[in-house]
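Residue numbers (the working numbering): 21 to 315.
This is the structure we're talking about:
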């Protein structure tokens, strides 16, 4: 049985840990408000961009654009999992890494080669630990260190360049979509090549009139809009991932704080019992000594 001093030290240690988890919860909650606002503002932009491209695509043949051209036999796939740089965020990273593992297992038969370009230190460490093939010349840490808008622009340009140079035939994004602080949904999005089905249906009611004259032409306009659309998709994934990370961290730290409170209560009860037992033992020794002196 641990001594009274050991129990007191453990109670003190748990209380110090509880202060840290509570502080991390408050910081995550404060940042989460800004992150959710950014997500809410980015979603309409991505939707309108998709509707605009759908309307322009009705007046031209998007399949002629190289970003729509899929390889007959795709050989190389690129997966970009978006993880966090730090832990202590519940199952946020585990969900993405499980999705990555499942993708590698399910899609291995469909591609000759699958390469990964993880965003975040947790994903990078996972790729190194499992010896996954990665893009060597892509400085993902430097890209992730910039602000979200700059990150999305550089990353989108890099992925488009790789796709157009036929280094990769298919590009996927894996990220957590923010639903609430308690719920995040893993999304596996095919970013490239673009599919005409991705733009169909949403803009059916807002289609442009047939007599609209485009200046420059429809193909030139579509050529200018598509990189912006891809950039908006990447930006949306980064913002969704950040909000999901903060929500998961806030929930995990809240649960850790509550568990610490329960543990402190149990340890305090154990400490009181140990102290009571020690006092009882001392009283019995005093009484026994007094009786011995009388005898």
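Just so it is clear, CB atoms sit at the ideal spot from N, CA and C, and this is done for glycine as well.
In the DSSP output, which residue or residues are listed as bridge partners for residue 197? 205
For residue 96, which residues does DSSP report across the bridge? According to DSSP, which records beta bridges pairwise, residue 96 is partnered with 133.
What do you get for residue 230, buried or exposed, if any count of 16 or more other CB atoms within 10 angstroms of its CB means buried? Note that residue 230 scores 49 on pLDDT, short of 50, meaning its location in the model is unreliable and no value can be drawn from it.
For residue 113 and residue 142, what's the separation of their Cα atoms in angstroms? 7 Å
Compare the C-beta of residue 292 against all C-beta atoms of chain C and say whether one is closer than 7 Å. Looking at the structure shown, chain C is missing, and only one protein chain is on hand.
Determine the burial state of residue 65: buried for a count of at least 16 other Cβ atoms within 10 Å of its Cβ, exposed for fewer. exposed
Among the residues of its own chain, which have a CB less than 7 Å from the CB of residue 140, if the five just before and after it don't count? 102, 103, 104, 105 and 164
By DSSP, does residue 151 sit in helix, in strand, or in coil? coil
Should residue 193 and residue 212 be called a contact, given that it needs their Cβ atoms to be closer than 7 Å? Not in contact: residue 193 and residue 212 (Cβ atoms no closer than 7 Å).
For the 8 Å Cβ check, are there 3 or more pairs between the stretch 279-290 and the stretch 89-102? no
Just tell me which of 287, 74 and 96 has its CA closest to the CA of residue 155. Closest option to residue 155, Cα to Cα, is 96.
Check whether the stretch 113-123 and the stretch 69-84 are in contact - that is, three or more C-beta pairs closer than 8 Å. no
With 16 other CB atoms within 10 Å as the buried threshold, where does residue 253 fall? buried
Pick from 123, 288 and 135: whose alpha carbon is nearest that of residue 189? 135
Could you give the DSSP three-state label for residue 38: helix, strand or coil? helix
For residue 58 and residue 259, the rounded distance between their alpha carbons: 7 Å
Simplified DSSP assignment, three categories, for residue 188: coil
Would you tell me roughly how many angstroms separate the C-alpha atoms of residue 131 and residue 84, rounded to the nearest one? For residue 131 and residue 84, the gap between their C-alpha atoms comes out near 24 Å.
Considering residue 85, what are the terminal residues of the alpha helix (DSSP H) in which it resides? Counting along the chain, residue 85 falls outside any alpha helix (DSSP H), and DSSP gives it neither H nor E.
Would you kindly check if the distance between the Cβ of residue 172 and the Cβ of residue 46 is under 7 Å? no
Report, in whole angstroms, the separation of the C-beta atoms of residue 264 and residue 198, which I expect to be a contact under 8 Å. 5 Å
Kindly indicate which three-state DSSP category residue 211 falls into: helix, strand or coil? strand
Could you compute how far the alpha carbon of residue 68 sits from the alpha carbon of residue 37? 46 Å
Report the CB separation of residue 100 from residue 137 in whole angstroms; it is logged as a contact under 8 Å. 5 Å
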